[in-house]
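Note that numbering that gives the first Met the number 0 has the sequence shown beginning at 0, numbered continuously upward.
Glycine included, C-beta positions come from ideal geometry on N, C-alpha and C.
All of these numbers come straight from a predicted model, not from anything done at the bench.
Note sheet for the following structure.
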Amino acid sequence: MSIDVSGKKIIPIVSGGIDSTAMLWYLKSKGAQIIEALTFNYGQRHRREIDQAQAIVQRFNVAFSEEVRHKIIDMSFLKELIATGALVGEEDVPHEMYDSETQRVTIVPNRNMIMLSVAAGRAVTLKADLVAYAAHASDYEVYPDCRPEFVEAMDEALRLGNLWTPVGIVAPFVRITKAEIVKLGIELNVPFEETWSCYEGGERPCLECGTCLERTEAFLLNNARDPALREEEWGIAVKMLEKHKKREEKNNE
Ligand SMILES: [Zn+2]
Numbered sequence: 000m001s002i003d004v005s006g007k008k009i010i011p012i013v014s015g016g017i018d019s020t021a022m023l024w025y026l027k028s029k030g031a032q033i034i035e036a037l038t039f040n041y042g043q044r045h046r047r048e049i050d051q052a053q054a055i056v057q058r059f060n061v062a063f064s065e066e067v068r069h070k071i072i073d074m075s076f077l078k079e080l081i082a083t084g085a086l087v088g089e090e091d092v093p094h095e096m097y098d099s100e101t102q103r104v105t106i107v108p109n110r111n112m113i114m115l116s117v118a119a120g121r122a123v124t125l126k127a128d129l130v131a132y133a134a135h136a137s138d139y140e141v142y143p144d145c146r147p148e149f150v151e152a153m154d155e156a157l158r159l160g161n162l163w164t165p166v167g168i169v170a171p172f173v174r175i176t177k178a179e180i181v182k183l184g185i186e187l188n189v190p191f192e193e194t195w196s197c198y199e200g201g202e203r204p205c206l207e208c209g210t211c212l213e214r215t216e217a218f219l220l221n222n223a224r225d226p227a228l229r230e231e232e233w234g235i236a237v238k239m240l241e242k243h244k245k246r247e248e249k250n251n252e
């Protein structure tokens with residue numbers, strides 16, 4: 000995996016999760032110039048992700064002596080217009096392995112296209128070269144707007160739609176898995192302890208929703224422990240993963 004972003008002015012979309020946090024550190028390591036970080040509030044059930052995104056941008060600024068602005072874009076109107084499903088509170092968050100069919104209730108229709116369009120407009124305004132988002136290979140099965148074909152088509156559309164002030168899209172992780180992102184992040188000293196993945200939005204991660212399970216698996220595959228969890232929580236998280244993997248194997252028999 001290698002992308003040329005050296006010297007490029009980039010507007011990253013950060014969510015407060017593992018992927019976009021690792022992306023921020025990765026882009027910096029490749030010599031990109033981060034102009035402004037954007038976080039979208041699309042009517043998530045909880046503010047937790049947004050608060051973590053804010054903390055992560057602060058950590059980034061401290062780590063690299065930067066002054067990157069963090070802008071929260073309120074798109075909570077989406078909740079009323081188009082968003083049905085678990086992430087905005089209409090349905091229960093599935094407690095199943097991430098790749099299963101049931102995870103589809105967490106789709107917010109056309110979300111990435113909407114976010115990328117707004118971010119691209121912001122990029123033109125700030126004279127940035129690229130918008131970055133952290134689509135990755137583990138998301139293909141559930142979310143079509145995380146696939147390479149979508150990224151390429153969107154990049155092309157944005158370039159055509161802004162011909163006099165070209166802006167493109169970079170999705171550096173589009174061909175790697177979540178476990179590979181964690182590996183890269185560990186190498187880059189990404190503060191994963193600040194990240195938040197749980198869809199339930201309690202005080203502490205539930206350890207049993209699709210994203211909690213996926214997260215636990217990604218750290219385990221690296222023989223690492225999730226630094227966001229207390230020791231006893233990590234023990235429970237590993238047990239939860241085992242339980243759900245067994246259940247999934249049974250279902251596939
Ligand atoms: Zn959870």
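{"Asked": "Judging by CA-CA distance, which residue of I33, G15, I17, Y25 is the nearest neighbour of I9?", "Found": "I33"}
{"Asked": "Could you tell me whether the Cβ atoms of E199 and C205 are closer together than 8 Å?", "Found": "yes"}
{"Asked": "Heavy atom of ligand 1 less than 7 Å from the Cβ of L219, yes or no?", "Found": "no"}
{"Asked": "Between L157 and ligand 1, is the CB less than 7 Å from at least one heavy atom?", "Found": "no"}
{"Asked": "Give the secondary structure of A134 by DSSP, where H, G and I count as helix, E and B as strand, and everything else as coil.", "Found": "coil"}
{"Asked": "Let's see if you can read the secondary structure: which residues bound the alpha helix (DSSP H) around V13?", "Found": "Looking at the DSSP string, V13 is not in any alpha helix (DSSP H), and its letter there is neither H nor E."}
{"Asked": "Buried or exposed: which applies to S5, given that a residue is buried once 16 or more other Cβ atoms fall within 10 Å of its Cβ?", "Found": "exposed"}
{"Asked": "Please state whether DSSP places L220 in a helix, a strand or coil.", "Found": "coil"}
{"Asked": "Suppose the cutoff is 8 Å on Cβ atoms and the five residues either side in sequence are ignored; what does the same chain contact list for L240 look like?", "Found": "L212, T215, E216, L219"}
{"Asked": "Please classify T164 as buried or exposed, where buried requires at least 16 other C-beta atoms within 10 Å of its C-beta.", "Found": "exposed"}
{"Asked": "Could you have a look at I175 and say whether DSSP puts it in helix, strand or coil?", "Found": "coil"}
{"Asked": "Name, in chain order, the residues that DSSP records as bridge partners for E35.", "Found": "R68"}
{"Asked": "When you compare the region 48 to 66 with the region 166 to 186, are there three or more beta-carbon pairs, one atom per stretch, that lie closer than 8 Å?", "Found": "no"}
{"Asked": "Smallest Cα separation from T194: which of G15, P11, A62?", "Found": "G15"}
{"Asked": "Could you tell me the distance, in whole angstroms, from the CA atom of A118 to the CA atom of L228?", "Found": "32 Å"}
{"Asked": "So does T210 have its beta carbon nearer than 7 Å to some heavy atom of ligand 1?", "Found": "yes"}
{"Asked": "Using 8 Å as the threshold, is the C-beta distance between S19 and A156 below it?", "Found": "no"}
{"Asked": "Taking all protein chains shown into account, do 16 or more other C-beta atoms lie within 10 angstroms of the C-beta of F149, making it buried, or fewer, making it exposed?", "Found": "buried"}
{"Asked": "The beta strand (DSSP E) with I168 in it runs from where to where?", "Found": "167 to 169"}
{"Asked": "Smallest Cα separation from G160: which of E232, R46, G120?", "Found": "G120"}
{"Asked": "Can you have a look at T124 and say buried or exposed, based on whether 16 or more other CB atoms are within 10 angstroms of its CB?", "Found": "exposed"}
{"Asked": "On a CA-only basis, which of L77, L23, F63, S28 is nearest G42? Give me that one, please.", "Found": "L77"}
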